[in-house]
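If you use the numbering used here, the sequence shown corresponds to residues 13 to 306, in order.
Below is one structure, written out as structure tokens; the observations come after it.
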Amino acid sequence: MIDWTAHRKHRERIIADTGQWIGLLDADGNPLMDLPPVVSMAAPETRTDPGSLELTVLCRSSRGIIHPVVTELIAKQLGVLSPEGRLVPVADRTRFVAIERAGVPRRVYWVTHTVARGDADAPATLTIHGVGLTKLLSRFPAMSAPTTWQQSFTRFERDWVGPENTKVTFSQPRELAGMKMVTVADGATLDGPAEATIRRLIAESLAAAFRVAGITKDLPIQVATTPTGRPSPRILLRPTDGPLLEEIAQPAAAAGVIITARMWWPDDPPIVGLTLALPTVVVMVEQAKETPSP
13 MIDWTAHRKH RERIIADTGQ WIGLLDADGN PLMDLPPVVS MAAPETRTDP
63 GSLELTVLCR SSRGIIHPVV TELIAKQLGV LSPEGRLVPV ADRTRFVAIE
113 RAGVPRRVYW VTHTVARGDA DAPATLTIHG VGLTKLLSRF PAMSAPTTWQ
163 QSFTRFERDW VGPENTKVTF SQPRELAGMK MVTVADGATL DGPAEATIRR
213 LIAESLAAAF RVAGITKDLP IQVATTPTGR PSPRILLRPT DGPLLEEIAQ
263 PAAAAGVIIT ARMWWPDDPP IVGLTLALPT VVVMVEQAKE TPSP
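See below:
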């Protein structure tokens with residue numbers, strides 16, 4: 013268990029001494045470790061773009077000691093070189109990088125890949141690449157019929173397409189749950205103010221996906237419910253079960269709706285309308301003060 017009060021004091025001390033705290037988080041958003049000294053960092057962020065991160069850190073001390081961040085991001089592939097002579101990163105685990113500075117909101121990035129430079133068995137630097145948390149929405153479908161997604165799974169060892177006697181089996185058995193896809197556009201149309209309608213589609217799609225996974229409380233990604241109260245243009249959304257972020261990005265931009273995501277921690281101020289107890293990615297859907305001209 014993390015003592016969040018003590019960890020906040022730790023971060024504040026480092027920020028006071030160095031100007032910023034940068035740490036590695038596990039798949040649940042819990043801090044794993046402080047990152048080693050930064051060589052360079054590029055972390056642009058705009059209101060509507062997920063943002064990106066390119067962070068290079070020293071991972072080998074002058075005495076040859078390797079920082080444990082290598083174990084988290086490279087270890088399983090240590091010693092395996094790409095054709096360019098670079099170590100291939102670990103890609104089978106979810107990790108985040110958090111950046112805190114005084115007076116500004118915490119910024120957290122989902123790690124996409126890492127490049128190590130140095131000897132095959134002792135890298136000297138790691139370059140960590142990441143994207144903003146809104147990009148996590150690309151991992152979920154924009155569900156056309158979220159209430160039909162079932163929680164019960166059935167084990168399949170062969171593809172049901174094709175004749176039974178072909179014996180075409182999966183290389184690995186799969187656990188599949190039933191769902192329906194609405195093929196008639198009007199049957200899955202969401203209509204209303206852009207801010208509320210986009211918020212509803214995100215919330216319903218996330219809730220259904222987590223329900224299928226058996227997660228019904230402390231959802232790791234939640235949508236802030238408080239409206240801005242600003243006038244929001246009317247839109248029609250027709251979800252087609254494609255990647256959620258891709259389906260809402262264009263309608264949101266056209267309507268002047270800003271979608272952002274932040275990592276909430278238990279030592280942060282509470283968020284109105286949400287009851288949070290664990291690290292949580294909170295998605296905010298907000299109508300801009302000025303909407304784009306038609």
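By construction, the Cβ of each residue, glycine as well, lies at the ideal position given by its N, Cα and C atoms.
Treat the numbers as computed from the prediction; the structure is a model and nothing was measured.
query	result
8 Å contact criterion, which I34 and V123 should meet: CB distance rounded	Actually they are not in contact, since the Cβ atoms of I34 and V123 sit about 13 Å apart, beyond 8 Å.
Inter-stretch contact at 8 Å, needing at least 3 Cβ pairs: the region 283 to 301 / the region 233 to 246	yes
Cut-off 7 Å between Cβ atoms - residues of its own chain near P80, not counting five sequence neighbours on either side	M45
contact_flag[the region 263 to 275, the region 218 to 225] where n(CB pairs < 8 Å) is 3 or more	no
Where P243 sits in the DSSP three-state scheme	coil
Opening and closing residue of the alpha helix (DSSP H) in which T30 lies	16 to 30
Cβ pair D131, P291 closer than 9 Å	no
Backbone secondary structure at T106 - three-state DSSP	coil
Alpha helix (DSSP H) segment containing I260, residue limits	256 to 267
Nearest-angstrom Cβ-Cβ length linking A85 and V120, presumed shorter than 8 Å	For the sequence presented, residue 85 should be read as Leu rather than Ala. That pair is no contact at about 16 Å.
Residue environment, R75, which counts as buried when at least 16 other CB atoms sit within 10 Å	exposed
Nearest-angstrom beta carbon gap, P153 and R72 [assumed within contact, 8 Å]	So it is not a contact: roughly 42 Å between Cβ atoms.
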